[in-house]
Every structure is written in C-alpha cells, then in structure tokens.
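Notes follow the structure.
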Amino acid sequence: MPYGYNGKILCVNLTDGSTRMEEKPESWYRKYLGGRGIGAYYLLKDLPAGTDALAPENILVFAVSVVTGVPFPGNARASVVAKSPLTGGFGEAEAGGNWGPELKFAGFDAVVITGKSEKPVYLYLRDGQVEIRDAGNLWGLNTSETEKRIFDDTGDPRVKVACIGPGGENLVRYACITAGRHNVFGRLGLGAVMGSKNLKAVAVSGGKRPETKEPEKIKEISRWVAQNFNRPDTCGLFYEYGTSGGVAMYNAIGSLPSYNFQGGTIEGAEKLTGEYMKEQGLMIGKTRCFACPIACRKIARVENSGELDTKSEVHSPEYETIAALGSNCGITDPKVVIKAAEMCDEYGLDTISTGVTISFVMECAQKGILPKDLQGDMPVEFGSAETILRCIEMITYRRGIGDIMAEGTKRMAARIGNGAEALAVHGKGEELALQDPRGGKVGAAIGYAVAHNGGDHIQMEHDFQFSQKGPFLKSFEPLGVIEPVPTMDLGIDKVRLFVLNQIVWGLYNMLDICIFVPAPGHVLPLTGLCDLVKCATGWDTSLYELMKAGERGIVMTRIFNLREGFGVQDDVIPRRLTEPLTTGESKGSRVEPEQIQQAVKNYYEIMGWDHETGAPSPGKLKELGLDWLI
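First residue of the sequence shown: 0, per numbering that gives the first Met the number 0; consecutive thereafter.
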C-alpha cells in the first residue's frame with residue numbers, strides 16, 4: 000500500500016469521452032515525485048514534437064505530489080503542465096489554496112487530459128469517479144460566477160473548482176486558470192489550452208485523505224513550524240501583508256520596475272505598499288491555504304469609488320501584480336491596481352503578462368511607434384487608469400488593439416516593427432516577472448536566460464540575502480554554501496549558488512511545496528524537508544536523492560524545449576536589462592552583456608550540458624535515470 004499518494008493517474012480523452020486509470024509503481028513516484036515531474040514525463044512520452052499548443056493533441060496535466068494533502072504548512076500547491084501557447088515551450092503554472100489537496104482526496108495524483116470536446120464541458124472528479132458534464136451554460140461566464148454555478152450544479156459542499164474565464168475561451172495566449180477566488184495557475188497561457196479543448200473547469204471533491212507512514216511525527220514537525228514561522232527573519236512580513244509588504248523595500252533599493260522597466264523607482268510608491276492599503280482600509284482580511292498558518296494571501300475591497308469599486312471581496316494584489324499593473328504602468332493609485340487585478344482574475348488573465356504587455360504598448364506610444372490604426376480612439380499613456388482598464392477588457396475579448404495584445408509582447412513587437420522589439424521585455428516569449436536584476440537581484444538574470452520559461456523569477460532567492468552571514472546562508476550550509484557571495488557578482492561563485500537554488504526550487508515544483516516555508520532562509524531546514532517526505536511516504540530518502548529529483552525536473556524541461564526548437568540562441572536576456580536604470584538607488588546599473596554570456600557558459604558546464612548546443616550530455620541523462628530520453 001502506498002503512503003502519501005494514491006498511486007492512480009486519471010487519463011481523459013475529451014474527443015471521444017473515454018477515461019482510463021493508470022497505476023504507477025513506487026519507483027516511478029520516487030523518480031518523478033509529482034507536479035513538474037509528472038507533467039514533464041507525460042509531455043515527453045506522449046506529445047509529438049512540434050504539436051501546436053492550441054491543437055487537440057496538446058496534453059494538459061493537472062498534478063500534485065507524493066506529499067500533497069499531508070497536513071503540513073506550505074503543502075497545498077498543485078501544478079498544471081502543457082505545451083505553452085505563449086512560448087511554444089514547456090509550460091507550467093502552480094497554485095495554492097485547497098484545490099490540490101482536494102484532487103488528492105478525490106483519489107487521484109494527476110489528471111492527464113487530451114483531445115477536444117465538441118461542446119463546452121467540465122470534469123467532475125469525486126471519490127475516485129469521473130463525470131464529463133455539459134458546460135454550455137457556463138461558457139462566457141467569468142471565473143467567480145462559474146465557480147458558483149458548479150457549486151449549485153453539483154450540490155457538493157466540498158467541491159473545489161479550477162476554471163477559466165472568457166480570456167481562456169478566447170485563447171488569449173497568457174490566459175490563466177483560477178482555483179478558487181484567491182488562487183491562480185497564472186503563467187504561460189495554460190488557460191488558453193483549456194479553452195482550446197472546450198474545457199471550462201475541473202471540479203474535484205473527495206473524503207479520503209492519504210495514509211502516511213508516520214502521522215504523529217508529521218504533526219510534531221507541523222507544530223514546530225507553526226510555532227516558529229512568524230519571525231522577522233522568516234515569514235513575519237508575509238503574515239502581516241503578504242508579498243505586498245516588500246514594495247517599499249524594492250522601491251528603496253531601486254528595484255521596483257517602472258515605466259516598462261525603464262526605471263527602478265516611482266514617485267508615490269508608498270501608496271502601493273501593503274502597509275498603506277491596510278491603513279486605508281483597502282486590505283481587509285486574510286485567507287489561508289490548506290493546513291498553513293502563514294496566511295500570506297490577503298483580501299481587499301474597494302467601495303465608494305465609482306468604476307473602481309470591486310464587486311465583492313477580492314484577492315488583494317501581491318507584489319508581482321502590484322508592480323505589473325501599478326508601477327510598471329506608471330500607476331500609484333492602489334484602487335486602480337486592485338480593480339485591474341480583479342478584472343484579470345474574473346476574466347482569467349495572468350496579471351504579470353497582462354501588465355507587462357500594457358506597459359509595452361504604453362512605451363510604444365510614448366516613443367511614437369504605436370500605429371494609429373492599432374491605438375484607435377483610446378488614450379495610451381503611462382499613468383492612465385483608463386488605458387489599463389480598457390486594455391484588459393479589449394485583450395479578454397480580442398477587440399481592437401486587444402486582439403494583437405492577446406498574442407503577447409513578442410508577437411506584438413514583431414507586428415509593430417520600427418524598433419518595438421527593443422521595448423519588448425520578455426524571455427523566450429514570456430513577459431518578464433517584476434524582479435529587476437539591475438536593482439540587486441542580478442542572479443535573476445541567469446534564470447531569465449537559462450530557464451525553460453524565460454520570464455520566470457522563481458529560480459533563485461534574492462542575491463543580497465546571500466551576501467552576508469545570516470539565516471539564508473546558514474540554510475544552504477548542507478549544500479556546501481559557506482561563504483557570502485557579493486550581491487552584484489555574476490562570477491562562478493554566483494553561478495554555483497544559482498544552480499543550487501534553482502535545483503532546490505525545482506524540487507519544490509516537483510513536490511508542490513510553497514517556497515515561503517522551507518529553505519533558503521525560511522523556517523523549515525532542508526533536513527526538515529527530508530523528514531517530511533520520509534514521514535509521509537515511508538521512503539528512506541536523503542537530501543542527495545531529493546536534489547537529484549529537482550535536477551531531473553530541470554533537465555526534463557530542457558529536453559522538451561530543445562526538441563521544440565529552442566537552443567543556446569534563446570538563452571539570453573531582454574535588451575532592456577542591458578540598459579542602465581534611469582531612476583532610483585540603482586540608477587545607472589545594468590547587466591553587462593559579456594558577464595551574462597559568460598555566466599550562461601558557466602551554467603552549462605556546472606550542469607553538465609554541452610556548451611555549443613545547451614543539451615544535457617548522455618552521461619547526465621544516464622546519471623538521472625533519463626536514458627529513455629537519449
């Protein structure tokens with residue numbers, strides 16, 4: 000009998016309505032763990048190279064891990080994987096809340112979806128059973144209304160819903176999937192993959208929690224985390240304000256992107272902070288993920304502000320959303336940001352890609368290269384609430400300029416031409432996250448260059464955290480990181496640190512663990528993570544085995560991208576990051592092209608990848624048990 004997981008993978012073909020169950024051995028779970036690992040396995044095994052991401056043949060995988068559903072802080076996430084319609088490469092997105100644990104309680108470790116339904120449908124998974132239900136009455140609805148209708152349709156008080164809005168239905172290339180009112184599978188357009196399959200939602204419900212090998216030990220570790228997480232050096236700030244508590248710090252060090260990444264600060268940034276929103280009565284509460292005391296997700300509401308009023312209590316914007324829809328668009332009114340974020344969540348749009356695409360259009364207008372036939376009668380300028388709110392709706396329904404904006408900045412820049420490519424801030428086609436390497440996080444530049452999803456910032460912790468003795472450096476001692484590494488260094492020591500951090504966070508994507516609980520720097524040490532896996536599964540695992548699993552996931556995503564046509568020519572950073580910041584404490588700072596090029600070469604060597612092709616060597620694949628990919 001497996002401990003911690005169900006041992007069952009549900010496979011659904013929407014074209015003919017058939018379903019089947021796959022049962023995998025313990026050795027398979029131990030190799031791929033869950034999340035990214037399971038998703039990458041099915042894409043590499045069953046998806047033909049060159050498949051159009053919006054074709055019925057694309058494979059959509061919802062997956063959790065061998066520890067998901069175990070009552071432990073930070074253990075509430077799930078992953079969605081498919082070929083990305085935004086980049087054409089490996090696409091993955093994660094979300095917290097309760098949907099992932101509920102999938103496990105419903106009796107499944109993953110759902111692998113292929114084909115396309117003739118009409119809109121949703122999946123209802125309950126206690127090991129699956130139904131494909133008609134969703135004709137749901138098509139066209141926003142995400143919160145869809146969730147309410149499914150509650151009514153099923154009559155199931157436990158049901159948790161992952162669904163798309165009109166953005167996914169209209170195949171916006173960065174459409175997201177919501178998982179409850181406050182959780183989103185945000186990046187890389189996986190909501191558009193659902194829309195292309197006429198799949199409106201996946202609803203899950205179950206009453207069977209997985210048995211664990213040592214439940215009392217798990218309770219003991221969980222109590223320790225709950226008692227120790229709320230310290231200034233761990234998650235104290237997240238408990239109070241979520242990641243919006245970091246806005247003031249980013250602005251102070253000159254790392255708060257403004258005006259399409261031209262600057263690193265903005266006048267009036269204090270109004271975008273979590274502290275200010277709480278003082279003004281805009282941030283009104285908090286909500287928690289499954290079994291987690293940190294409660295980093297906050298609730299907001301805007302009233303008595305006309306068109307900026309929210310329909311109800313909404314997810315209070317986190318740092319990335321605040322910077323994307325706020326400072327990077329020249330906006331400092333928190334009510335505008337909250338309303339824009341609500342619209343993105345209701346329509347089912349990734350707030351990062353949406354905001355960065357809008358800021359790109361704003362700069363094109365500023366530079367005088369936005370064609371008049373695209374702009375129409377809409378004012379397009381930094382700082383305009385009208386521009387942001389109208390653009391979001393036009394993107395969702397592909398109206399006017401929104402039709403080309405829905406394709407993302409890379410495709411839009413190619414359409415505009417006339418130097419627009421230099422203003423498009425993306426990595427491998429994915430709009431960049433709002434972590435600017437020029438303002439004290441230069442390690443992020445390595446991630447933007449080499450990661451399979453080039454706009455992703457979840458590759459390495461903040462560089463300055465490792466520039467001095469402290470909890471972050473201490474937490475990496477088991478990996479051999481003993482001495483501090485200068486913040487803005489891009490030499491071999493920084494690349495080694497990056498590789499270790501990328502593997503650790505890659506492991507968390509395999510285990511679907513939140514990065515706010517374990518190392519680096521947070522309350523649970525790496526040895527404690529090993530204890531969690533041991534107590535849940537009964538495996539006599541080690542930090543070495545888990546690190547190899549994290550590396551395995553990275554290599555699998557690399558292999559996928561290589562077969563889809565990516566190569567060393569794509570392991571670059573946006574031109575904007577090589578230009579000096581124009582404002583803030585880090586004014587004048589830039590990423591030196593020669594340094595990042597050398598860092599990428601050093602990364603290949605450390606990872607055991609060919610420096611000319613960027614491909615993992617046959618020896619590396621054999622080492623990781625991936626010789627089936629040679």
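The beta-carbon is built from N, C-alpha and C at its ideal position, and this holds for glycine as well.
Could you tell me the boundaries of the alpha helix (DSSP H) in which residue i lies?
i, result
"ASN500", "491-510"
"ARG296", "Per DSSP, ARG296 belongs to no alpha helix (DSSP H); it is in the beta strand (DSSP E), 296-299."
"GLY446", "442-449"
"MET546", "542-562"
"MET411", "408-415"
Take the Cβ of residue i as the centre, count every other Cβ of all protein chains shown within 10 Å, and call the residue buried at 16 or more, exposed below.
i, result
"ASP15", "exposed"
"MET0", "exposed"
"GLY106", "buried"
"ALA340", "buried"
"LYS621", "exposed"
"GLU269", "exposed"
"GLU24", "Reading off the sequence shown, one finds Pro at residue 24, where the question assumed Glu. By the neighbour-count rule (16 or more Cβ atoms within 10 Å), PRO24 is not buried but exposed."
"PRO209", "buried"
"ALA432", "buried"
"GLU430", "buried"
"ILE553", "buried"
"GLY305", "exposed"
"ASN417", "exposed"
"TYR543", "exposed"
"CYS145", "Sequence check: residue 145 is Thr here, not Cys. By the 10 Å Cβ count, THR145 comes out buried."
To the nearest angstrom, report how far apart residue i and residue j are at their CA atoms.
i, j, result
"TRP608", "GLU385", "48 Å"
"ALA54", "ARG186", "19 Å"
"MET20", "CYS10", "6 Å"
"VAL69", "ILE391", "38 Å"
"LEU625", "ARG551", "8 Å"
"GLY3", "THR286", "26 Å"
"PHE184", "SER541", "30 Å"
"GLU362", "LYS586", "19 Å"
"HIS425", "GLY154", "43 Å"
"MET546", "LEU122", "35 Å"
"ILE112", "TRP98", "17 Å"
"GLN594", "LEU561", "24 Å"
"THR67", "LYS103", "7 Å"
"LEU628", "GLY49", "17 Å"
"PRO370", "GLY88", "30 Å"
"GLY634", "LEU525", "The requested residue 634 does not occur in the structure, where the chain is confined to residues 0 to 629."
"SER195", "LEU13", "11 Å"
"THR353", "GLU219", "43 Å"
So residue i is in the beta strand (DSSP E); what residue range does that whole segment cover?
i, result
"VAL201", "198-204"
"ILE128", "Here residue 128 is Gln; the residue named in the question, Ile, does not match the sequence. 128-133 is the extent of the beta strand (DSSP E) around GLN128."
"PHE89", "89-94"
"LYS427", "That residue, LYS427, is in no beta strand (DSSP E); it is neither H nor E in DSSP."
"LEU122", "120-125"
"MET20", "17-22"
Looking at C-alpha atoms only, which residue of the options is the closest neighbour of residue i?
i, options, result
"ILE163", "SER143, GLY154, PHE150, ASP155", "SER143"
"PRO292", "ASN452, ALA225, ILE220, ILE149", "ALA225"
"VAL335", "SER352, GLY284, ARG389, GLN374", "ARG389"
"VAL590", "LYS440, TYR507, ALA161", "LYS440"
"PHE559", "ALA614, HIS610, ARG398", "ALA614"
"TYR703", "ILE445, PRO470, ASP126", "Since the first residue shown for the chain is 0 and the last is 629, residue 703 is missing from the structure and cannot be characterised."
"THR556", "THR577, ILE220, GLN501", "GLN501"
"GLU312", "LYS297, TYR121, ARG157, ILE321", "LYS297"
"ARG410", "ALA39, SER466, PRO84, PRO436", "PRO84"
"ALA448", "LEU59, PRO573, HIS461", "PRO573"
"ILE457", "PHE359, CYS513, PRO333", "CYS513"
"ASN327", "ILE387, THR309, LEU373", "ILE387"
"ASN197", "ILE217, ARG132, ASP151, ASN250", "ARG132"
"ARG125", "ALA134, LYS159, VAL171", "LYS159"
"ALA450", "PRO316, GLN365, GLN568", "GLN568"
"GLY273", "LEU236, ALA39, GLY401, GLU266", "LEU236"
"VAL129", "ILE8, MET193, SER64, LYS216", "ILE8"
Cβ of residue i within 7 Å of any heavy atom in the ligand SAH?
i, result
"ARG397", "Here there are no bound small molecules, and the ligand SAH is not part of this structure."
Checking 8 Å against the spacing of the C-beta atoms, do residue i and residue j come in under that value?
i, j, result
"GLY347", "THR86", "no"
"PRO592", "GLY520", "no"
"GLY245", "CYS295", "no"
"THR264", "THR582", "yes"
"HIS314", "ARG148", "no"
"GLY566", "THR536", "no"
"ALA178", "GLY96", "yes"
"GLU584", "ILE252", "yes"
"PRO517", "ALA290", "no"
"ALA94", "VAL60", "no"
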